[in-house]
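Using the UniProt record's numbering, the letters of the sequence shown correspond one by one to residues 1 to 382. Ideal placement from N, C-alpha and C gives every residue a C-beta, glycine not left out. First comes the structure, then the notes that go with it.
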Amino acid sequence: MSTPSLATQTAPAPHPLRTVTRIAWFLLGALFIFSGLIKLNDPVGTAYKLEEYFEVFAVDFGSFFLFFKSWSRLLSILLSSMEVILGVALLLRWHLRHTLWLLLGLLVFFTFLTFYSAAFNKVTDCGCFGDFIKLTPWTSFFKDVFLLVLWGIVFTHQRFLRHAFVQGTPGVMVMTFASAIAIGIGVRSLGHLPYFDFLPYKVGNDIGKLMKASAPMRYKYIMEKNGQTQEFTTYPDSTWTYKSMVALNPEDGPKITDFRVWNDEGDYTPELLRGNKLVLIIQNTEKADRDRNALINKLLTDAQASRANITPLIVTSSSPADFDVFRHNANFEVPFYYADATVLKSIIRSNPGFVLLKDGVVKGKYHYHDIPSVGKLEEKLQ
1 MSTPSLATQT APAPHPLRTV TRIAWFLLGA LFIFSGLIKL NDPVGTAYKL
51 EEYFEVFAVD FGSFFLFFKS WSRLLSILLS SMEVILGVAL LLRWHLRHTL
101 WLLLGLLVFF TFLTFYSAAF NKVTDCGCFG DFIKLTPWTS FFKDVFLLVL
151 WGIVFTHQRF LRHAFVQGTP GVMVMTFASA IAIGIGVRSL GHLPYFDFLP
201 YKVGNDIGKL MKASAPMRYK YIMEKNGQTQ EFTTYPDSTW TYKSMVALNP
251 EDGPKITDFR VWNDEGDYTP ELLRGNKLVL IIQNTEKADR DRNALINKLL
301 TDAQASRANI TPLIVTSSSP ADFDVFRHNA NFEVPFYYAD ATVLKSIIRS
351 NPGFVLLKDG VVKGKYHYHD IPSVGKLEEK LQ
């Protein structure tokens with residue numbers, strides 16, 4: 001009997017866990033990079049979320065956590081950059097064991113935050129994917145549990161990932177470059193506006209339209225009678241006791257529900273959404289940049305004289321007393337109005353910052369580092 005030649009011999013089947021491990025390795029690294037880049041796109045928004053956590057922790061665990069509020073923007077960039085850097089290191093299998101231990105530290109930290117938010121209903125949105133993807137607290141927690149499972153698979157089966165794509169001096173150079181890119185993305189966005197705006201007030205959106213439902217709202221009513229609970233799509237007779245109601249088509253509801261601008265004379269919101277308006281938003285006078293007041297004043301003056309019939313005004317969330325002092329020091333001589341602080345933070349990630357409106361449609365948004373000329377505003381309004 002002849003023995004089979006080498007050419008006809010089949011290679012041994014790959015271990016079934018090899019494929020599972022490599023899928024887990026890729027997903028874990030890619031999700032960390034994606035999550036970090038989304039946060040670095042809007043480090044100010046991430047910092048707002050960190051401040052919210054610090055305030056909650058200060059109430060529950062002690063005022064010590066308020067100390068970190070002043071460092072929230074630095075922590076925002078550092079934590080977000082770490083996600084990207086460790087994700088890149090994992091995909092390149094650079095110092096794999098050390099990278100996995102560092103990833104575990106981040107995962108445990110994030111899992112604690114999301115569990116705390118979900119279990120005690122403290123922070124309703126963890127900000128895991130910024131404003132790009134909104135997750136409920138429990139969804140965020142289970143997302144982190146899923147990542148921990150992926151980590152466990154990769155950690156316990158590292159033998160299937162022995163080949164490192166970079167090592168030695170080239171590895172250090174690649175990781176230094178990746179770190180510089182990640183940190184640079186965050187720093188650049190911090191000093192200007194996000195590269196991609198996922199908020200309801202992004203350029204091109206019609207604020208007035210987004211304040212209305214896109215379709216008639218439909219509800220179900222949860223009612224009770226004789227100890228029994230029942231749901232109705234139309235309101236029942238008076239023998240039933242009302243418990244609650246739930247929207248059946250929440251996706252058709254208004255995307256903007258809290259936008260309102262006022263002064264001592266009353267509601268200014270309808271007027272703000274008519275005609276051409278250049279809105280200078282000053283979220284907080286205590287933290288507002290003061291170095292560019294001369295440039296801001298020049299643009300406000302030029303806008304008043306513009307042939308595009310632009311009405312300049314200021315909207316702030318500061319108290320009347322604080323803003324009055326700030327306004328006089330800055331020599332701002334245009335009408336001013338008030339709005340909720342959270343709304344202003346959502347409109348623009350700059351303090352101060354400009355928003356250009358045409359009949360309620362956002363035509364432009366400008367960081368105080370990027371103050372435009374009136375000619376640029378006129379182009380946007382054409």
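> Unbroken beta strand (DSSP E) runs of length 3 or more, entirely within the UniProt domain "Methylamine utilisation protein MauE" (23-154): which are they?
Replying inline: none
> Taking the continuous alpha helix (DSSP H) assigned at PRO270, which residues delimit it?
Replying inline: 269-272
> With ARG22 and PHE165 assumed to form a contact (beta carbons below 8 Å), what rounded beta-carbon distance in angstroms separates them?
Replying inline: That pair is no contact at about 13 Å.
>> For HIS369 and GLY191, which I take to be in contact (beta-carbon distance under 8 Å), what is that distance rounded to the nearest angstrom?
In response: 6 Å
>> Which of the three DSSP states is assigned to LEU6 in this structure?
In response: Bear in mind that the predicted position of LEU6 carries a pLDDT of just 49, short of 50, making it unreliable; the figure below should be weighed with that in mind. Reduced to three states, the DSSP call for LEU6 is helix.
> Do you know offhand how far LEU300's Cα is from GLY152's?
Replying inline: 57 Å
> For VAL44, which option in ILE371, PRO372, GLY360 and ILE347 has the closest C-alpha, if you only look at C-alpha atoms?
Replying inline: ILE347
> What are the start and end residues of each continuous beta strand (DSSP E) run of 3 or more residues lying completely inside the stretch 254-324, in chain order?
Replying inline: 276-282 and 310-316
>> Nearest by alpha-carbon distance to LEU104: which of PHE64, PHE146, SER350 and VAL361 is it?
In response: PHE146
> Alpha carbon to alpha carbon, what distance is there between THR257 and ALA213?
Replying inline: 10 Å
>> Can you check which of these residues, GLN283, LYS225 and ASN121, is closest to SER238 by C-alpha distance?
In response: LYS225
> Is LYS220 near THR233, with beta carbons less than 8 Å apart?
Replying inline: yes
>> Check this for me: beta carbons of ARG260 and ASP267, under 8 Å apart or not?
In response: yes
> Can you tell which of LEU86, ARG97 and PHE54 has the C-alpha that lies nearest to the C-alpha of TYR116?
Replying inline: PHE54
>> From the DSSP secondary-structure annotation, give me the bridge partner or partners of LYS202.
In response: Beta-bridge pairing links LYS202 to no other residue.
> Which whole-angstrom value describes the C-beta separation of ALA215 and ASN249, a residue pair presumed to lie in contact below a C-beta threshold of 8 Å?
Replying inline: 7 Å
>> Quick test of your reading: VAL56 and LYS122, contact by CB under 8 Å. State the CB separation rounded to the nearest angstrom.
In response: 5 Å
> In three-state terms, what does DSSP make of GLY168?
Replying inline: helix
> Apart from the five residues on each side of it in sequence, which residues of its chain come closer than 8 Å, Cβ to Cβ, to PHE26?
Replying inline: LEU91
> Are SER317 and TYR337 touching if we call contact CB-CB under 8 Å?
Replying inline: no
> If you compare alpha carbons, which of ALA321, GLU379 and ARG188 is closest to ARG349?
Replying inline: ARG188
>> Determine whether the beta carbon atoms of LYS363 and LYS380 lie at a separation below 8 Å.
In response: yes
> Does DSSP classify residue 383 as helix, strand or coil?
Replying inline: This structure cannot speak to residue 383, because the chain is shown only from 1 to 382.
>> With H, G and I counted as helix, E and B as strand and the rest as coil, what does DSSP make of LEU17?
In response: helix
> What does ALA247 pair with, by DSSP beta-bridge criteria?
Replying inline: TYR219
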